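**Q** Under the numbering used here, the first residue of the sequence shown is numbered 3, with each subsequent residue one higher.
Starting off with a structure, shown below.
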Amino acid sequence: MPIRSIEALDPAHRHAHTPANLTPNHQFYEWWYFEVEFVDNFGKPWRVITSFHYPHGMDSHRVLAHQRYRNRKVDFFAKYGDDPGHYAGIASYVVDIQDSKNVGLLISRVPRAEIGSRVAVSRPGDPKVEVRIGDSSFVQNPNGTFTLTVKQKGMAIVGATPRALDLDMQVTFEQNTPGFQPPGAVLIEQTGVRHHWACVMPNPKVTIDHIVLQRARLHNKWRVLCRAKRDVVGEGGYHDHQWGDDLIYKQIAQWYWGRLPTGARGDARPRDKVLFFDVVGVSRPGHPAVRPDPVLVQVPGDGSAAAKLMPTPDRDPFHISGSESINFGDGCRIGVQGQNVPYPRWIYIRAQTAGGQSRDFNVEHLRSSNVDTWPFYVRFVPRVYDYHSGKIFDAISEVMRADRIPLDGAQKVNALADKITVGA
């Protein structure tokens, strides 16, 4: 199995690529993904994962409307429609790395009538990058840094009681490792339809102004679930950008994506990382599934360029093994069990740098390290052993099963997502 080539980031791929004039006949979607790694005042490690969506290709209303789903209460297409321009929102996860626990899941939808006034995205040729979704934004500063602001409301189900969540975060991203992309930023092309991926900030320097997650208690009081140290350089971060011109489950059956720290530069921060991304296309009659070569990239933390890793002679550079499943319910806590969402127990990376240094990892997906479970993806924060340095690091690994989105069980869960969805 060869390893995919990469090229330098096209600066235009920082901006939105969805056409300005959207119609239901062309189901565009686009998102900007961010991670911030930090420690709290007790030195405990955390991670915030936030994605800005417009047009929102994962919104439960849009997906179910497009699928013409109806239950006893709602005909989703009749009530909501599937016009891509009517959907924008944010999803955020706050993960306790030490305890492998998702302590806050916030899902926000911008009301349709407010999208024109509360959603704005810059486009290639604009003087600066600017993405605004409701009260949250990612904006380029005059000095070339970028400010990520997340002011988001959510809803948690505590026992049987809904409780309000509030996430307030402001951090600065500074380009460190230069961005990259697969050739043309095309991750996969299925029967003429493309899904694009640009790794905009693979290993930025992140400075934290503030991060606070709170949950409502009785008598108008709030409980702080986590608080970052203020005005400090964070442990690291990540930012990528994806877009496509059909709903994702019509192009992609599944993918495996993650980042694995290495100790190649000792304790210097940001740490070097290995990024992997393997994608499998959807099979149709006469069009067997496409499985392009996997992306395996050495992502330095010292500001030098990312580089494609090289195969190790007579060894498969990317391999999955073992079949496990996990019941949905704990991941987003909306009171639905079952599903048996499948994922591989192991991901094996066997590669090396151009200089011959090994980059070998065994990524084990354990239920104890699972932090998010939906019917169509599971996310883990596995602890991985870095053979090069002999150290153990906290990593991130995601299994997307987009081929499950049209299944009856996934549709039922999507129909219940409003229990934890609030306006942005």
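Note that the Cβ used here is the ideal one computed from N, Cα and C, for glycine as well.
Nothing here was measured: the structure is a model prediction, and the numbers come from that model.
Count the C-beta pairs between the region 35-49 and the region 85-103 that are closer than 8 Å, then say yes if the count reaches three, no if not.
**A** When Cβ pairs closer than 8 Å are counted between the two stretches, the region 35-49 is seen to touch the region 85-103, the count reaching three or more.
**Q** Within 10 Å of its beta-carbon, does HIS212 have 16 or more other beta-carbons around it, so buried, or fewer, so exposed?
**A** Exposed: under 16 other Cβ atoms inside 10 Å.
**Q** Note down the Cα distance separating GLN256 from HIS221, rounded to an integer number of angstroms.
**A** 45 Å
**Q** Can you tell me whether DSSP reads LEU450 as helix, strand or coil?
**A** Outside the displayed range of the chain (3 to 426) lies residue 450, so it cannot be described from this structure.
**Q** Distance, Cα to Cα, ALA426 vs ILE109?
**A** 8 Å
**Q** Identify every run of the alpha helix (DSSP H) within the region 23-83, keeping only runs that are complete inside it and at least 4 residues long; order them along the chain.
**A** 62-68 and 78-82
**Q** Based on DSSP bridge pairs, tell me the residues matched to ILE109.
**A** ALA93 and THR423
**Q** Give the list of continuous beta strand (DSSP E) stretches no shorter than 3 residues that lie fully inside the region 294-337.
**A** For the region 294-337, whole beta strand (DSSP E) runs of length 3 or above, ordered along the chain, are 297-301 and 320-328.
**Q** Put ASP271 into one of helix, strand or coil per three-state DSSP.
**A** The identity of residue 271 in the sequence shown is Arg, whereas the question assumes Asp. In this structure, ARG271 counts as coil in the three-state DSSP scheme.
**Q** So, does the region 173-188 touch the region 196-211, judging by three or more C-beta pairs under 8 Å?
**A** Contact between the region 173-188 and the region 196-211 is present: 3 or more CB-CB pairs across the two stretches fall below 8 Å.
**Q** Just to confirm my understanding: we take ILE336, look at its own chain, exclude 5 residues before and 5 after, and list those with CB closer than 6 Å. What are they?
**A** Interpretation of ILE336 is limited by its pLDDT of 47, a score under 50 that renders its predicted location unreliable; the figure taken from the coordinates is listed afterwards. Only residues of its own chain outside the window of five on either side were considered, and among them LEU418, LYS421 and ILE422 have a CB closer than 6 Å to the CB of ILE336, listed in chain order.
**Q** Leaving out five residues before and five after ILE407 in sequence, what residues of the same chain have Cβ atoms less than 7 Å from its Cβ?
**A** Only VAL65, TYR251 and PHE378 meet the Cβ criterion.
**Q** Using 8 Å as the Cβ pair cut-off and three pairs as the minimum, do the region 52-67 and the region 269-282 touch?
**A** Counting Cβ pairs under 8 Å, fewer than three are found: no touch.
**Q** When you compare the CB positions of TYR387 and ILE398, do they come within less than 8 Å of one another, or not?
**A** no
**Q** Whether or not the region 27-44 and the region 69-79 are in contact is what I'm after, with contact meaning three or more pairs of Cβ atoms, one per stretch, closer than 8 Å; do they touch?
**A** no
**Q** Spell out a yes or no on whether the region 341-356 and the region 297-313 are touching, meaning 3 or more CB-CB pairs, one atom from each, closer than 8 Å.
**A** yes
**Q** Can you look up GLN172 in the DSSP assignment and give me helix, strand or coil?
**A** strand
**Q** Could you tell me the alpha carbon to alpha carbon distance between ARG385 and GLU39, rounded to whole angstroms?
**A** 15 Å
**Q** Just the C-alpha distance for ALA307 and ILE349, rounded to the nearest angstrom, thanks.
**A** In a straight line, the C-alpha of ALA307 is about 25 Å away from that of ILE349.
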